[in-house]
Ligand code: SF4
């Protein structure tokens, strides 16, 4: 069905309860299989029946986690990222055994909480703790679940095959949102705390090596998307006890939830980086907001350095300025996320764009001197930039790595004298 056909069946109140500003926006997202119909609470049953089959996602979405920080897994529509994009990044969980002593569990929780990595300005890490019922005791399992619920702000995943232990664990987590309960084998349940009403399915691949996991997950995704097989259209959870390679394979091939026994940062960092790469929308460049950024504590005499809003460019240039110890204003031009040369070739980095960045950012109010430094790669736009902005333009180095030396040798800035020492 098209977005317009779906729109005609929606309530058309634009109440926003679905998280979209209008019913039409929601209808278009439904048509593109980016959301599920359940997000609109006001669709009546007859319409639900008509739209149900037409709008259901090939891989169903499941939500769990803490109120206000819910995680969504599944909700996928593609075999390959370049088809459109993958919607929900693999959630990473690290296990905590209920056989450990209370002190050892606290230590483990502390190590899990420390698995946070700053990558290009974005904090990445583990989102869930998977409590494993190694003890077989409902009491021990409930105590471990309660500890996670109270001492961690991560989502809970409960691994137990025993219904009594599952109930005790879910009850112990009451109040901390919705936990995901997994059983061995293919069965699984998403358990709402103290309620069996809100159940859904996840396919749990627990055994097998890298090849088994990848081929099983690929076959499931193919059946769900190409074969429209509803019985295969559920998020996939994979547990990895000792193989970073298997973990990497699971991220690449369709694990929506990856449960790891390792809490070693050296193993986790490559995995979160891989996840970032796989789940980045290939149609959207990674960008930073255009505007002026303070590096160090710049004064009205500090230099103004111009570059583009491609995230990698920003995060390459900024640390080099920082390492120079020369406070500066970093003026980020909106080039739609393109790097310096690409933006210049696409006519997005030119005199007009820089003039607009100067006006929009208000940098003229913050500096005395009207001098900017442009990247050496686009020395060719020096003349037009001077014409468009009325500023004096200096041509900086071609590579960000040469910025510290360049800045320390600038004669015009008083800070440079201090910084050069
Ligand atoms: Fe429209 Fe339903 Fe969304 Fe409200 S919740 S805006 S009625 S689609």
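Numbering (the numbering used here), first residue to last: 19 to 439. All C-beta atoms in this analysis are idealised placements derived from N, C-alpha and C, irrespective of residue type, glycine included. What you are looking at is a predicted structure, and each value in this text was computed from that prediction instead of being measured.
Distance, residue j Cα to residue i Cα
i, j, result
"residue 206", "residue 221", "Here residue 206 scores only 46 on pLDDT, less than 50, and its place in the model should not be relied on; the value that follows carries that caveat. Their Cα atoms are separated by approximately 6 Å."
"residue 104", "residue 254", "14 Å"
"residue 22", "residue 48", "10 Å"
"residue 235", "residue 351", "43 Å"
"residue 211", "residue 325", "Residue confidence is low: residue 211 scores 36 on pLDDT, short of 50, so the model does not pin down where it sits. Its coordinate-derived value is still stated next. Roughly 50 Å between the two C-alpha positions."
"residue 264", "residue 230", "10 Å"
"residue 395", "residue 380", "25 Å"
"residue 51", "residue 98", "15 Å"
"residue 19", "residue 107", "27 Å"
"residue 17", "residue 295", "Within the shown structure, residues of the chain are numbered from 19 to 439, placing residue 17 beyond reach of any answer."
"residue 312", "residue 404", "23 Å"
"residue 199", "residue 44", "30 Å"
"residue 34", "residue 64", "21 Å"
"residue 4", "residue 239", "Outside the shown range of the chain (19 to 439) lies residue 4, about which nothing can therefore be said."
"residue 137", "residue 145", "16 Å"
"residue 209", "residue 192", "Unreliable positioning characterises residue 209 in this predicted model, as indicated by a pLDDT of 44, which lies under 50. The coordinate reading is nonetheless provided below. So the alpha carbons of these two residues sit roughly 11 Å apart."
"residue 334", "residue 360", "16 Å"
"residue 421", "residue 409", "21 Å"
"residue 391", "residue 102", "38 Å"
"residue 376", "residue 364", "20 Å"
"residue 36", "residue 374", "37 Å"
"residue 399", "residue 353", "15 Å"
"residue 95", "residue 184", "31 Å"
"residue 248", "residue 241", "8 Å"
"residue 24", "residue 245", "24 Å"
"residue 341", "residue 366", "29 Å"
"residue 418", "residue 388", "22 Å"
"residue 232", "residue 66", "35 Å"
"residue 423", "residue 262", "40 Å"
"residue 268", "residue 42", "36 Å"
"residue 444", "residue 338", "Any answer about residue 444 is impossible in this case: the structure gives the chain only from 19 up to 439."
"residue 438", "residue 397", "Note on residue 438: pLDDT 35, under 50, position unreliable in the model; no value is reported."
"residue 416", "residue 57", "50 Å"
"residue 156", "residue 243", "39 Å"
"residue 70", "residue 378", "46 Å"
"residue 225", "residue 257", "8 Å"
"residue 72", "residue 346", "55 Å"
Proximity below 9 Å, CB of residue i to CB of residue j
i, j, result
"residue 74", "residue 89", "no"
"residue 303", "residue 356", "yes"
"residue 82", "residue 197", "yes"
"residue 27", "residue 53", "no"
"residue 372", "residue 331", "no"
"residue 440", "residue 116", "Only positions 19 to 439 of the chain appear in the structure, and residue 440 is not among them; the question remains open."
"residue 306", "residue 414", "no"
"residue 289", "residue 278", "yes"
"residue 201", "residue 177", "yes"
"residue 336", "residue 349", "no"
"residue 29", "residue 61", "yes"
"residue 369", "residue 412", "no"
"residue 143", "residue 160", "no"
"residue 320", "residue 358", "no"
"residue 170", "residue 147", "yes"
"residue 91", "residue 219", "no"
"residue 150", "residue 174", "no"
Residue i versus the options, residue with shortest Cα-Cα distance
i, options, result
"residue 86", "194, 256, 129", "194"
"residue 152", "144, 385, 180, 386", "180"
"residue 110", "412, 370, 287", "287"
"residue 227", "246, 247, 237, 260", "260"
"residue 309", "322, 301, 298", "322"
"residue 172", "378, 93, 137, 84", "84"
"residue 113", "388, 100, 128", "128"
"residue 100", "300, 156, 59, 399", "300"
"residue 328", "70, 362, 342, 341", "362"
"residue 122", "66, 166, 93, 94", "166"
"residue 93", "297, 183, 374", "297"
"residue 59", "257, 32, 72", "32"
"residue 154", "168, 182, 164", "182"
Chain D within 9 Å of residue i, Cβ atoms only
i, result
"residue 197", "Here chain D cannot be found, since the structure has a single protein chain."
Three CB pairs or more closer than 8 Å across the region 130-137 and the region 281-290: yes
Cβ contact (3+ pairs, closer than 8 Å) linking the region 297-317 and the region 377-389: Three or more pairs of CB atoms, one per stretch, sit closer than 8 Å, so the region 297-317 contacts the region 377-389.
Three CB pairs or more closer than 8 Å across the region 265-279 and the region 243-254: yes
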